[in-house]
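Accompanying notes for the structure given below.
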Amino acid sequence: MVKAEHLEFLGELRAYLDALDPDLVAATRAEHIADAMQPRVNGRRFLARLGADGWLGVSWPAEYGGQGRGPVEQWLFAEELCDRRLPNGLLTLNAIGPTLMAVGTDEQKAEFLPRIIAGELEFAIGYSEPDAGSDLAALRTRARPDGDAYVIDGQKIWTTGATVATHLWLAARTGEQADRHRGISMFILPMDAPGIEITPILTQGGEQTNTVFLDNVRVPAGARIGAENEGWRVLTTALNYERMFYHNEPRWELRQLRDWAASAGLLDDPVVAETMGELAVDVEICRLFAQRGAQMLADGQVPYAEASANKVWWSELRQRICDTGLDLIGEAGTVAGPTGPAHGHLEHGLRSSPVWRFGGGTNEIQLDIIAQRGLGMPR
Ligand SMILES: Cc1cc2nc3c(=O)[nH]c(=O)nc-3n(C[C@H](O)[C@H](O)[C@H](O)COP(=O)(O)OP(=O)(O)OC[C@H]3O[C@@H](n4cnc5c(N)ncnc54)[C@H](O)[C@@H]3O)c2cc1C
44 MVKAEHLEFL GELRAYLDAL DPDLVAATRA EHIADAMQPR VNGRRFLARL GADGWLGVSW
104 PAEYGGQGRG PVEQWLFAEE LCDRRLPNGL LTLNAIGPTL MAVGTDEQKA EFLPRIIAGE
164 LEFAIGYSEP DAGSDLAALR TRARPDGDAY VIDGQKIWTT GATVATHLWL AARTGEQADR
224 HRGISMFILP MDAPGIEITP ILTQGGEQTN TVFLDNVRVP AGARIGAENE GWRVLTTALN
284 YERMFYHNEP RWELRQLRDW AASAGLLDDP VVAETMGELA VDVEICRLFA QRGAQMLADG
344 QVPYAEASAN KVWWSELRQR ICDTGLDLIG EAGTVAGPTG PAHGHLEHGL RSSPVWRFGG
404 GTNEIQLDII AQRGLGMPR
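Count along the sequence shown from 1, then add 43; that gives the number in our numbering.
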């Protein structure tokens with residue numbers, strides 16, 4: 044439940060954000076609207092500003108430089124930034140950081156956590172491979188022990204943000220292929236390590252993701268996160284954090300639709316009003332899913348099925364709002380770019396929303412998780 048102290052926090056956050064350099068905010072927003080999947084030049088400057096002002100790591104414990112608040116505040120923080128179409132340090136701050144706190148060595152924590160919370164580091168996630176997506180335990184990228192180092196060879200795909208990241212959070216095979224998830228270890232690699240080559244892939248929404256080739260990449264043994272061959276637990280911990288705190292883009296897109304209806308003089312049109320009302324209810328459900336997950340984390344529980352439900356709901360709702368919006372707008376809605384209706388945001392949203400039905404694990408796989416972990420059904 045959102046309490047008075049949470050609202051007080053939100054008030055402080057809003058006052059802080061309102062007082063930021065408007066030029067930095069405008070440049071970051073423009074960049075983020077074009078491609079929300081990776082903070083680039085302005086996004087990195089923006090996150091560094093928040094880091095320097097102590098506004099990253101809202102729920103990180105004080106011993107790691109955080110504000111020591113709870114998951115509910117963390118969710119409100121993510122939602123507020125999403126509402127303003129600004130980056131919130133999503134995976135690096137909310138998935139990699141907490142996973143390192145849970146399983147990293149003292150040296151790894153000292154090396155990475157202060158730089159993450161300062162907004163200096165950006166991690167790309169190297170799980171998927173051409174033949175290992177939903178079936179991630181089939182991954183083949185191999186890390187061979189070699190003295191006090193590992194040598195890594197293989198290929199990752201859909202490695203979003205690899206061209207702007209400072210580090211790669213990599214899953215590689217250290218055991219036998221037949222061991223599946225019992226033979227995987229996690230590593231952190233600097234993105235500029237010799238032997239890493241990146242090829243961009245442009246998605247239909249214009250957002251960039253990448254293929255990453257690893258050719259004899261040498262990393263010290265200390266780059267391994269968690270025990271050898273026990274990376275699956277590390278990976279699933281990070282994935283679960285990732286699924287919980289997704290953006291609340293549907294709310295922003297519904298606002299674009301409302302603004303378009305106002306500019307078209309359609310606010311009192313009964314069809315528009317009923318459609319908007321129905322979508323507004325679904326947006327509130329979206330918020331309640333996220334809030335429930337945050338509250339579970341605050342109560343020391345791990346939201347498995349709940350994180351999956353959250354991810355399925357918001358990603359499908361986003362597509363539905365853009366789709367419904369373009370139906371209401373009619374043929375003109377297909378005009379792309381800022382001169383189009385709703386400044387092209389719904390058209391762009393419709394093109395880019397299918398990505399989120401895949402990213403973080405496809406929605407079909409999430410439905411399996413909900414059936415198994417939420418309803419106790421067999422695999
Ligand atoms: C734009 C984009 C960005 C991404 N970013 C990253 C990233 O940064 N890092 C990263 O590691 N990965 C990333 N991914 C990869 C994403 O997690 C995978 O695409 C996803 O896990 C699906 O894997 P796949 O593409 O191999 O499809 P497949 O696993 O081959 O699935 C194909 C279809 O079959 C269905 N399917 C497969 N198995 C089952 C099953 N058991 N039950 C029911 N249905 C099933 C799937 O739902 C899907 O519809 C990204 C993907 C995209 C498209």
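Using N, Cα and C, we set each Cβ at its ideal position, and we do this for glycine too.
Beta-carbon spacing of residue i, residue j below 8 angstroms
i: residue 133; j: residue 166; result: no
i: residue 182; j: residue 136; result: no
i: residue 95; j: residue 161; result: yes
i: residue 263; j: residue 360; result: no
i: residue 139; j: residue 212; result: yes
i: residue 199; j: residue 171; result: yes
i: residue 82; j: residue 207; result: yes
i: residue 322; j: residue 366; result: no
i: residue 259; j: residue 194; result: yes
i: residue 129; j: residue 88; result: no
i: residue 405; j: residue 177; result: yes
i: residue 368; j: residue 300; result: yes
i: residue 141; j: residue 108; result: no
i: residue 265; j: residue 106; result: no
i: residue 396; j: residue 362; result: yes
i: residue 77; j: residue 280; result: no
Beta-carbon separation (whole angstroms), residue i vs residue j, contact threshold 8 angstroms
i: residue 86; j: residue 102; result: Not a contact, Cβ separation roughly 21 angstroms.
i: residue 272; j: residue 228; result: 6 angstroms
i: residue 230; j: residue 168; result: About 12 angstroms; that fails the 8 angstroms criterion.
i: residue 257; j: residue 184; result: 6 angstroms
i: residue 317; j: residue 389; result: Not confirmed; about 18 angstroms, so no contact.
i: residue 49; j: residue 119; result: 6 angstroms
i: residue 349; j: residue 335; result: 6 angstroms
i: residue 175; j: residue 253; result: About 16 angstroms; that fails the 8 angstroms criterion.
i: residue 216; j: residue 186; result: 7 angstroms
i: residue 261; j: residue 341; result: The pair is not a contact, with the Cβ atoms about 42 angstroms apart (cut-off 8 angstroms).
Own chain, CB closer than 6 angstroms to residue i, minus 5 neighbours either side, in chain order
i: residue 384; result: 303, 372, 375, 376
i: residue 240; result: 256
i: residue 358; result: 399, 400
i: residue 223; result: 180
i: residue 110; result: 101
i: residue 379; result: 387, 390
i: residue 220; result: none
Close beta carbons around residue i, own chain, < 8 angstroms, minus the five adjacent residues each side
i: residue 347; result: 283, 412, 416, 417
i: residue 421; result: 415
i: residue 123; result: 53, 56, 57, 60
i: residue 278; result: 170, 179, 214, 227, 229
i: residue 67; result: 85, 88, 89, 92
i: residue 319; result: 297, 300, 301, 304
i: residue 62; result: none
Same chain, Cβ closer than 7 angstroms to residue i, five either side skipped, listed in chain order
i: residue 398; result: 246, 248, 250
i: residue 210; result: 164, 166, 231, 232, 233, 234
i: residue 309; result: 315
Residue i - partner residues in DSSP beta bridges
i: residue 196; result: 185
i: residue 228; result: 215
i: residue 240; result: 256
i: residue 412; result: Beta-bridge pairing links residue 412 to no other residue.
i: residue 245; result: 251
i: residue 169; result: 213
i: residue 263; result: 192
i: residue 273; result: 227
i: residue 381; result: BP columns for residue 381 are empty, so no partner.
i: residue 175; result: 172
i: residue 28; result: Summary: the structure shown does not reach residue 28, with the chain confined to residues 44 through 422, and so no result is reported for it.
i: residue 76; result: Note: residue 76 sits in no beta bridge, so no partner.
i: residue 372; result: In DSSP, residue 372 forms no bridge with anything.
i: residue 268; result: 229
Residue i beta carbon near ligand 3 (any heavy atom closer than 7 angstroms)
i: residue 68; result: What this structure holds is ligand 1, not ligand 3.
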